[in-house]
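Residue 2 is where the sequence shown starts when you use the numbering used here, and the numbers rise one by one after that. Here's the structure, in structure tokens; my notes come after.
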Amino acid sequence: MDSVSPLHVYRFGPANGPIVLALHGVTGHGKRWEAIATEHLPDVRIIAPDLRGHGRSTALPPWNFEAIVEDLAELLAAETDEPVVVVGHSFGGACALHLVDSHPHLARKLVLLDSAIALEPERLMDIAQSTLASPDYDNVAHARQDKVATGWSEVEPRLLEAELAEHLMPTADGRVGWRISLPAINSYWGQLARHFVLPPSDLPTVLVQAMKVVPPFVTPEFRAALIERLGDNLTQLEWDCDHMVAQIRPAETAALIRSVL
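Pasting the structure below:
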């Protein structure tokens, strides 16, 4: 792991393996991909950055899709001359969509894991206000309870503990919080209210929808637009799980990624 452009980057697998760019969701970090990489895809070269405003990457603005796309384009330019498989979870899926919309030559396959994009503004306002009202926790146990209540209840305990160990940091007065920039995170909630963009019509794309998420992050309007744009280039999967798809079903997620390699 090291810094390329303004991003802190985790790299897993051999230097000569097929390349996957793996993008986490809002409030996440690149090391979330470690278990999938090391336990299920050891022969694959996985590049997993902390997105701007997350983890150990820069927290400097602008905090929008355009800045993230340029961060990622610069990162890939330093890594390879070939198009890569892009995998994005949630907000990372939205970032992946904006990346392939702006730089279609950078991707050869796209995997969207319960991608979140073009969500209802009222829903995002509620999330942003909740983030401001409760930015941190009394202690690690409180943070663990919050994770379990917000999509992590089906995640294997050791993966949840790894998340807490990597991503929690001290805040004020003995409290703890996620290793994120709160201004950036609240800006990104707003970005998710923007209209969706779509992949190039010839880009093979897999969409996984987590069916326990209600209301869904994969909106019917976005899904219908994907079907119309991509036709036979779209594979749709419905998994009976909560939102943290890669952590809840790491083996299945890894098998899916391998299938598009």
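Note that beta-carbon positions come from the ideal geometry of N, C-alpha and C, so glycine has one too. Quick caveat, the model's predicted, so the values are computed rather than measured.
Query: For THR28, count neighbouring Cβ atoms within 10 angstroms of its own Cβ and tell me buried if that reaches 16, exposed if not.; Result: buried
Query: On the DSSP letters alone, give me the boundaries of the alpha helix (DSSP H) that MET170 sits inside.; Result: Looking at the DSSP string, MET170 is not in any alpha helix (DSSP H); the run it does join, the beta strand (DSSP E), is 169–171.
Query: Measure from the alpha carbon of LEU52 to the alpha carbon of each residue in LEU24, ALA79, LYS110, then state which is nearest.; Result: LEU24
Query: May I ask you to report which of helix, strand or coil DSSP gives LEU204?; Result: coil
Query: Please go through the stretch 65–113 and give each complete alpha helix (DSSP H) segment of 4 or more residues, from N-terminal end onward.; Result: 66–80, 92–103
Query: Thinking VAL207 and VAL112 are a contact (beta carbons under 8 angstroms), I'd like their distance in whole angstroms, please.; Result: 5 angstroms
Query: Count the other CB atoms, across all protein chains shown, that sit within 10 Å of the CB of ASN187; report buried if there are 16 or more and exposed otherwise.; Result: buried
Query: With a CB to CB cut of under 6 angstroms and the five nearest residues on each side skipped, what residues in its chain are close to LEU42?; Result: ALA255
Query: Since VAL10 is in the alpha helix (DSSP H), which residue starts that stretch and which ends it?; Result: Element bounds for VAL10: not the alpha helix (DSSP H) but the beta strand (DSSP E), 8–13.
Query: Could you check if LEU133 is buried or exposed, using at least 16 other CB atoms within 10 Å of its CB as the buried criterion?; Result: exposed
Query: From this set, SER103, LEU183, LEU107, which residue's C-alpha is nearest ILE1's C-alpha?; Result: The chain is shown from 2 up to 262; residue 1 falls before or after that span and cannot be answered.
Query: Looking at the unbroken alpha helix (DSSP H) that takes in THR132, where does it start and where does it end?; Result: 122–134
Query: Could you tell me which uninterrupted alpha helix (DSSP H) segments, each at least 4 residues in length, are contained entirely in the stretch 166–254, listed from first to last along the chain?; Result: 183–192, 221–231, 246–249
Query: Take PRO171 and list the residues in its own chain whose beta-carbon comes closer than 7 angstroms to its own, dropping the five residues that flank it on each side.; Result: VAL177
Query: Check whether the Cβ of LEU165 lies closer than 9 angstroms to any Cβ atom in chain B.; Result: Note that chain B does not occur in the displayed structure, where there is just one protein chain.
Query: What whole-angstrom Cβ distance do VAL10 and PRO50 have, given they're in contact under 8 angstroms?; Result: 5 angstroms
Query: Compare the beta carbon distance of VAL214 and LEU238 with 9 angstroms and say whether it is the shorter of the two.; Result: no
Query: Between LEU98 and GLY232, what straight-line distance do the alpha-carbon atoms span, to the nearest angstrom?; Result: 17 angstroms
Query: Please return the same chain residues whose Cβ sits closer than 6 angstroms to the Cβ of VAL70, not counting the five positions on each side in sequence.; Result: HIS99, LEU100, SER103
Query: When we look at the beta-carbon of ILE228 and count the other beta-carbons within 10 Å, is it buried (16 or more) or exposed?; Result: exposed
Query: Which residues mark the beginning and the end of the alpha helix (DSSP H) in which ALA38 is found?; Result: 35–41
Query: In whole angstroms, what separates the C-alpha of GLU83 from that of GLY191?; Result: 33 angstroms
Query: VAL156 to VAL88, Cα distance in whole Å?; Result: 19 angstroms
Query: Measuring straight from C-alpha to C-alpha, what distance separates SER202 and ASN234?; Result: 7 angstroms
Query: Can you tell me whether ALA23 is helix, strand or coil according to DSSP?; Result: strand
Query: Roughly how many angstroms separate the alpha carbons of SER91 and ASP115, rounded to a whole number?; Result: 5 angstroms
Query: Following the continuous beta strand (DSSP E) through ALA49, name the residue where it begins and the one where it ends.; Result: 46–50
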